[in-house]
Amino acid sequence: MASVAEQIGPTAVWAFQDGPEWSGIRQFGKEVKPFASRDQLRWTSSDSTVQRVVWVSKGIDPIADVVRRAIADDPSIIVILDLDDDDRALAQDFITRRVMNRIILHPFRRMHPHRIRMAQSKIARLSHGFTFSTFALAENFDSNFVPRVRVPHVRALEPVVPATRSNERPIRVGTFGTLRSHKGLKLLVDLVNGSDSIELHVFKGSGLVEAGVVSDRIVEESPDAGLSQIYSQIDVAFIPMNEDLGADVQLPAKLIDAMRAGVPIVTSPTRAIREIAGETVTYLGERATVDEALSLICQAAGLDGKQSRLRFENLATPAVVATELVCLLEQAPSSAASGV
1 MASVAEQIGP TAVWAFQDGP EWSGIRQFGK EVKPFASRDQ LRWTSSDSTV
51 QRVVWVSKGI DPIADVVRRA IADDPSIIVI LDLDDDDRAL AQDFITRRVM
101 NRIILHPFRR MHPHRIRMAQ SKIARLSHGF TFSTFALAEN FDSNFVPRVR
151 VPHVRALEPV VPATRSNERP IRVGTFGTLR SHKGLKLLVD LVNGSDSIEL
201 HVFKGSGLVE AGVVSDRIVE ESPDAGLSQI YSQIDVAFIP MNEDLGADVQ
251 LPAKLIDAMR AGVPIVTSPT RAIREIAGET VTYLGERATV DEALSLICQA
301 AGLDGKQSRL RFENLATPAV VATELVCLLE QAPSSAASGV
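Numbering (full-length UniProt numbering), first residue to last: 1 to 340.
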């Protein structure tokens with residue numbers, strides 16, 4: 001979001017300080033300012049002629065209260081709600097996975113499915129426009145979440161660092177990002193345990209080793225390492241996703257990373273991934289087995305990722321996506337909610 005906003009004007013990034021900092025933030029070189037729920041937004045410009053925009057992510061409590069205070073301070077601000085996941089569906093999938101999860105995510109938790117939708121409806125009433133990571137995701141939300149545009153994850157345009165391939169070693173498979181149950185974790189575990197023909201590269205602390213997987217064919221990379229360099233050291237990017245409702249519309253940021261790097265990609269045919277990657281990647285079949293996944297990985301290792309790189313350049317660079325945000329901002333004032 002910040003990379004897109006910076007194409008338009010001065011930008012500040014604020015995040016609630018309610019947990020450990022996401023290690024991946026260090027990849028982007030952005031200053032993230034800690035923020036408490038009772039804090040007041042501090043603007044990057046004091047110029048009253050500058051149009052101020054508050055672009056909020058996810059819309060989960062207590063963000064609506066923060067936005068109300070910002071509106072009270074400056075009624076002329078434009079509020080945009082960004083939705084990159086269907087967090088309600090992801091939470092519902094989590095609850096239905098096992099009984100203990102229902103206890104963990106009880107109705108008094110702000111990440112309970114019902115509370116998520118209530119919070120998002122609350123901030124939506126204050127919003128002048130909406131951005132979605134994919135059109136597929138937008139279909140999961142009310143039709144009155146308009147005007148809307150697509151703002152996928154973006155990455156700065158960088159030259160491709162060529163990879164080196166050797167037939168004398170296992171195929172180097174990269175899965176760089178957080179690994180969760182809805183992100184094909186079981187298939188990854190089975191793949192490592194079931195084949196000695198691959199070497200799996202992951203970020204340190206991504207969840208695989210923490211899940212109890214021990215293998216000398218797991219290579220943990222530092223989250224601080226440059227993405228271009230990391231991707232130049234693999235042969236195939238492997239991005240499995242489950243078939244749950246939430247996972248089906250979740251756009252993995254690591255897909256954009258792999259497309260930018262121009263490496264061959266094997267991934268799941270979810271609605272969100274198909275929308276962004278098109279036919280430039282190799283798709284797993286439904287309920288893919290380890291043998292099928294391994295076969296497709298071996299085939300993909302002999303391909304190049306030039307088409308997915310080209311699609312990235314056309315869809316997911318900050319400059320390209322910023323044009324969509326500008327169009328939305330031009331519509332937003334006339335769509336302001338009554339009384340805002």
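Glycine included, each C-beta is placed from N, C-alpha and C at the ideal position.
No experiment lies behind these values; they were computed from the predicted model shown.
Is it buried or exposed for residue i, if we count other Cβ within 10 angstroms and need 16 for buried?
i: Ala-337; result: Any reading at Ala-337 must be qualified, since the residue scores a pLDDT of 40, below 50, and its modelled position is unreliable; no value is offered.
i: Pro-10; result: exposed
i: Gln-92; result: buried
i: Met-1; result: buried
i: Gly-29; result: exposed
i: Gly-184; result: buried
i: Glu-199; result: buried
i: Ser-268; result: buried
i: Phe-203; result: buried
i: Thr-131; result: buried
i: Ser-37; result: exposed
i: Arg-148; result: buried
i: Val-99; result: exposed
May I ask you to list the residues that DSSP assigns as paired with residue i?
i: Pro-34; result: Ala-15
i: Ser-57; result: Asp-82
i: Ala-91; result: Answer by DSSP bridge pairing: none, since Ala-91 is not bridged.
i: Arg-150; result: Phe-132
I believe residue i touches residue j by the beta-carbon criterion, under 8 Å. Please report the beta-carbon distance rounded to the nearest angstrom.
i: Leu-284; j: Glu-292; result: 7 Å
i: Leu-245; j: Ala-89; result: 5 Å
i: Arg-271; j: Ala-136; result: 4 Å
i: Ile-80; j: Trp-43; result: The Cβ separation is near 16 Å, so there is no contact.
i: Ala-72; j: Ala-119; result: Ala-72 to Ala-119, Cβ: 19 Å. No contact.
i: Glu-330; j: Val-151; result: Not a contact, Cβ separation roughly 15 Å.
i: Ser-228; j: Glu-158; result: 6 Å
Do you know whose CA, among the options, lies nearest residue i's CA?
i: Ile-234; options: Arg-165, Met-118 and Arg-52; result: Arg-165
i: Val-154; options: Pro-333, Pro-62, Glu-330 and Arg-309; result: Arg-309
i: Arg-110; options: Phe-312, Asp-61, Gly-302 and Ala-237; result: Asp-61
i: Lys-186; options: Gln-299, Asn-242 and Arg-38; result: Asn-242
i: Ser-222; options: Thr-175, Val-99 and Ile-239; result: Thr-175
i: Val-326; options: Ile-78, Gly-59 and Lys-58; result: Ile-78
i: Gln-17; options: Ala-5, Phe-28, Ile-8 and Lys-33; result: Lys-33
i: Ser-121; options: Val-236, Gly-59, Ser-181 and Gly-29; result: Gly-59
i: Asp-86; options: Ser-195, Ala-300 and His-112; result: His-112
i: residue 368; options: Ser-76, Met-100, Arg-97 and Val-50; result: Summary: the structure shown does not reach residue 368, with the chain confined to residues 1 through 340, and so no result is reported for it.
i: Thr-280; options: Val-249, Asp-248 and Asn-314; result: Asn-314
i: Glu-31; options: Arg-38, Glu-158, Ser-37 and Trp-14; result: Trp-14
i: Gly-207; options: Arg-217, Val-189, Asp-216 and Gly-194; result: Val-189
i: Tyr-231; options: Arg-217, Ser-197 and Gly-177; result: Gly-177
i: Arg-217; options: Asp-224, Asp-196 and Phe-132; result: Asp-196
i: Gln-299; options: Ala-237, Leu-105 and Asp-82; result: Ala-237
i: Gln-51; options: Met-100, Ile-8, Arg-38 and Asp-84; result: Ile-8
i: Ala-301; options: Ile-95, Phe-130 and Val-263; result: Val-263
i: Ala-5; options: Arg-38, Ala-322 and Val-266; result: Ala-322
Check: Is the segment 118-133 touching the segment 64-73, taking contact as three or more C-beta pairs under 8 Å?
Finding: In short, these stretches touch, since the Cβ pair count reaches three.
Checklist line | Contact the segment 145-162 vs the segment 288-304: 3+ CB pairs below 8 Å | finding: no
Notebook entry, point to check: Taking three-plus beta-carbon pairs below 8 Å as touching, is the segment 168-176 in contact with the segment 139-153?
Noted result: In the pairwise beta carbon analysis, the segment 168-176 is classified as not touching the segment 139-153: fewer than three pairs are separated by under 8 Å.
Notebook entry, point to check: Does the pairing of the segment 257-276 with the segment 296-305 give three or more beta-carbon distances under 8 Å?
Noted result: Using a Cβ-Cβ distance cut-off of 8 Å, the segment 257-276 and the segment 296-305 are in contact, since at least three pairs of beta carbons, one from each stretch, lie closer than that value.
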